[in-house]
Structure formats: C-alpha cells, structure tokens
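First the structure, in the form of structure tokens, and then the observations on it.
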Amino acid sequence: MLKADPAQFDALHLLGVLRGQQGSATEAVRLISLALEQRPDSAEAHLNLGVALGKLARHRDALAAYDKALAEKPDYFEVLLNRGNSLAELGRHEEAVASYDRAVALRPDHVNAWYNRGNSLRALRRYRDAIASYNKLLATRPDHADALLNRGNAFRELNRHAEALASYEQALKLRPDYAEVHNNCGNALQSLGRSADALASYDRALAIRPDYANALHNRGTILAKINRHEEAARSFEQTLAIDANYNYALGAAAHSHAQACNWDRGPRLERQLQAEVRADRVASLPFPFLSVSASPSDQLQCARTFVRDRYPAVVPPLWQGERYR
-4 MLKADPAQFD ALHLLGVLRG QQGSATEAVR LISLALEQRP DSAEAHLNLG
46 VALGKLARHR DALAAYDKAL AEKPDYFEVL LNRGNSLAEL GRHEEAVASY
96 DRAVALRPDH VNAWYNRGNS LRALRRYRDA IASYNKLLAT RPDHADALLN
146 RGNAFRELNR HAEALASYEQ ALKLRPDYAE VHNNCGNALQ SLGRSADALA
196 SYDRALAIRP DYANALHNRG TILAKINRHE EAARSFEQTL AIDANYNYAL
246 GAAAHSHAQA CNWDRGPRLE RQLQAEVRAD RVASLPFPFL SVSASPSDQL
296 QCARTFVRDR YPAVVPPLWQ GERYR
C-alpha cells in the first residue's frame, strides 16, 4: 500500500504501531510522525507517538504528544493514563496525580490507573491517599501482589507496622518467591521488635535472591542489633561486594568489625571510611563515625552528608516568604 501511496495515513500509522510492538521504537516514531503530517488531528496517532517516545525514554516529547491528543479528544482515557505515566517518569507527581484523577473518573475500575496513582501519591509522601488508591485497586483485584507490597510500604511510612506486615503477608500468599516482600516483611518485623522473625525474613529473601544488596544490609543491621557483630560484619561486607557504593554499608562494616574486635580488618576499613567521608560520599552514620575520626571537620562532613541524604531539601521550599534572621 505504501509503495502505491507513500503518504497513506492508515498504512503509515498502523505500520508504525506494528514496528513499536516489534521493539523498533525509533522506526515507530518516524512512521507515526509521517502519518501525522497527513492527519495532524488524529488523537489516536498522537497517543501512539507518545507511547513510542516513552519507550525511548523521551518523556517530555511523549508528554507533548499526549497533550496534542487531548486537544483533539479531552476524555481519551488511554492518553490520560499514559500522560500520567510520563509525568511520573519526569518526577512531576502532582501533575501525574491530576492526570490519573481524570483517568479514573472515566474508568473507575481500571487497575493500572489506581496503582500508578497510588505510586505517585507515595512519591509525594501522601501516604494515606496512596493507601486509599491501592485499596480501590484491591477491591477490584485482591490478587495484585505489587499493590499489596506498595500499600505495605505506605503503611510503614506512617509507622503502622502491623498493618504493613499484614499487607506483605497477603502478598506472599500470592507470590511466596517475592524477594522484595520478604525483605520488607523483615523491616516491618524489625520495627515491631521481632528481631528473630526479621532475620528469618531477610534469610528467605536472600535464599531467593542471593545478590540482594538491600536484604544483606538489612540482615547486617538486625545482626548488629542483637550483638552478633561477626556475622553482621560479614553481611555488610557481602553488601559491599555487590555494590561498593551502597549507602552506609562501609561505615556499618567498620563499626561491626570494631565491635567484634577484628583489629586486622577494622582499621583498614576505617581508613577507607575516612577517605569516603572526605569525598562527600554517604558512607557512615554520624554517631558510629565518632569512633573512627577525631577530626571535627570529618565529623561535620559526615553529619552534613547524612542530613542531605536523609532529609533532602523540599523543592519548592515549604516556606517561600521572608527569611527569618
């Protein structure tokens, strides 16, 4: 058809969609763009162009395509959903939620719209609203393990650890091999003071994913908490073997070696730790670092790095009025 008429809209558009489905997103963008030269008012073509651009991680361009689609068809559910996804990829979660709100108003039973809305609300630290969004989804799809996991994470942010644990346990009934859920179960159990159960959860996560750095680090944390410092040090070192830059793992390893009186390994790690702190890397918690360096400038640097990591500046600032002096 294209040989007979190289500017045939339907042929260009449908071939572009097919190329995108086959994994050739760049070719999809080219073909659908040619189609839009013939029919710039096609909301469906703008949608499919946005989808192809999203596959190329060109989220701003995808957003522009979705906006053109909405200019032609304001109540286009698929566009509103995908537009929210692009906004979320760009970190513009307030706008993403607004787009998802318009989507769920059109399709109140759509699982992905509620799920993605919940994820953006979590990113905005609106945890109660996120839980409500996941609950809407779970009323339709109670077997959605990812929603149960993320709902549990939102409960944990609110310090509702028993409810978090219950949500994680529901997810594990559906997917017993879900390593991330076992890991987060461990975190909830640790917060509930159930150290032995937390350790068992981390071990289950690692049986599924032996290279799971976060579970190894969490395992080290609980071992240190129950004064099993030799094992804690090994767990932290395993974390570093997988991810040499894992936040706080180097400091935790050095501290555990010191607690276990491992004088052959501990001092070498402490020298490395001082260098990492001076390089402004997130290497140690401030209080354990006090035993590593007597330098006030080192200690100040460690504290500043910790605060920047744990309590990042809000953009835009919560207070935008006159600065107090």
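Residue numbers (the numbering used here): -4 to 320. Beta carbons: idealized from backbone N, C-alpha and C, even for Gly. Note that the structure is a prediction, hence the values are computed from the model and not measured.
Query, Result
"6 angstroms CB neighbourhood of aspartate 56 in its chain, flanking five on each side removed", "Leu48"
"Local conformation of valine 99 per DSSP, three classes", "helix"
"Aspartate 70 versus proline 171 - alpha carbon distance", "40 angstroms"
"Residues of its chain near glycine 246, where Cβ-Cβ distance is below 7 angstroms and the 5 sequence neighbours each way are ignored", "Leu268, Ala278, Ser279, Leu280, Pro283 and Phe284"
"Neighbour-count burial assignment, arginine 305, 16 or more Cβ in a 10 Å radius", "exposed"
"Spatial distance of leucine 295 from arginine 136 (CA atoms)", "50 angstroms"
"Proline 262 - containing alpha helix (DSSP H), residue span", "261 to 273"
"Asparagine 154 and arginine 117 closer than 8 angstroms at C-beta", "no"
"Span separating the alpha-carbon of alanine 40 from that of arginine 120", "35 angstroms"
"Distance between leucine 82 and aspartate 5 (C-alpha atoms, nearest Å)", "29 angstroms"
"Asparagine 114: first and last residue of the uninterrupted alpha helix (DSSP H) it sits in", "106 to 118"
"Residue from Gln3, Glu73 and Val106 whose Cα sits closest to the Cα of alanine 142", "Val106"
"Close-in-space but distant-in-sequence residues of the same chain around alanine 60 (CB under 8 angstroms, 5 per side omitted)", "His41, Leu42, Leu44, Gly45 and Leu48"
"N-terminal and C-terminal residue of the alpha helix (DSSP H) that aspartate 304 is part of", "291 to 305"
"Limits of the unbroken alpha helix (DSSP H) element including serine 279", "Where serine 279 is concerned, there is no enclosing alpha helix (DSSP H), given that its DSSP letter is neither H nor E."
"Classification of lysine 131 by the beta-carbon crowding that lies within 10 angstroms, buried from 16 upward", "buried"
"Continuous alpha helix (DSSP H) assignments of at least 4 residues falling wholly in the region 21 to 71", "38 to 50 and 54 to 67"
"Cα-Cα separation, alanine 100 to serine 186", "38 angstroms"
"Rounded C-alpha distance that separates asparagine 182 from leucine 194", "9 angstroms"
"Sequence-distant residues of the same chain with beta carbon closer than 8 angstroms to leucine 9, five excluded per side", "none"
"Close Cβ partners of serine 37 (< 8 angstroms) along its chain, the five nearest in sequence each way excluded", "Phe4, His8, Ala30, Leu31 and Glu67"
"Which of helix, strand or coil DSSP assigns to leucine -3", "In this prediction, leucine -3 has a pLDDT of 48, which is less than 50 and means its spatial position is unreliable; what the coordinates show is noted afterwards. If DSSP states are grouped into helix, strand and coil, leucine -3 belongs with coil."
"Buried versus exposed call for threonine 21 [16 or more other C-beta atoms within 10 Å across all chains shown]", "exposed"
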